[in-house]
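Enquirer: Residue numbers for the sequence shown follow my numbering, so the first one is 32 and each next one is one higher.
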Amino acid sequence: MHAGFLIYSFYTVLGKIAAKYAFLSLHFCIFYCILIFILFVYAILWQQVLKVIPLSFATANKASTIVWGMLWSYLFFQEEITLKKVIGAIIIISGIILLSTSTKSEEQKNE
32 MHAGFLIYSF YTVLGKIAAK YAFLSLHFCI FYCILIFILF VYAILWQQVL
82 KVIPLSFATA NKASTIVWGM LWSYLFFQEE ITLKKVIGAI IIISGIILLS
132 TSTKSEEQKN E
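#1: From Cys-60 to Leu-45, what distance separates their C-alpha atoms?
#2: Tell me the rounded alpha-carbon separation between Phe-71 and Ile-122.
#3: Considering only C-alpha positions, which residue in the set Ile-65, Ser-40 and Phe-36 is nearest to Ala-49?
#4: By how many angstroms is the C-alpha of His-58 removed from the C-alpha of Lys-51?
#5: In whole angstroms, give me the CA-to-CA distance for Thr-90 and Ala-120.
Below, the structure written as structure tokens:
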């Protein structure tokens, strides 16, 4: 599931790179086609994930793409990672952990 989110998060990088070029120029179209391909691959992976993982859990974990986006912005565009961004990432990860542990405990109660 998180491998799919990693792939999905990369589309923002390609979109930002494509935006640097003139609309419908060759480079713009190439990056945009790769972006669409990544979204296509992600859509297939997402459907496979939903076959085995509850929708509420999978959707909550999708928020992890924000953390990946922060990493990509630092690596590819030298954007600053501020304290507020780190705190936000910690809140997101904490929420994912909280949901995943509460889901497991609810499943154990139902058994």
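For each residue, glycine too, the CB sits at the ideal point set by N, CA and C.
Expert: Inspection of the coordinates gives the following:
#1: 11 Å
#2: 29 Å
#3: Ile-65
#4: 9 Å
#5: 16 Å
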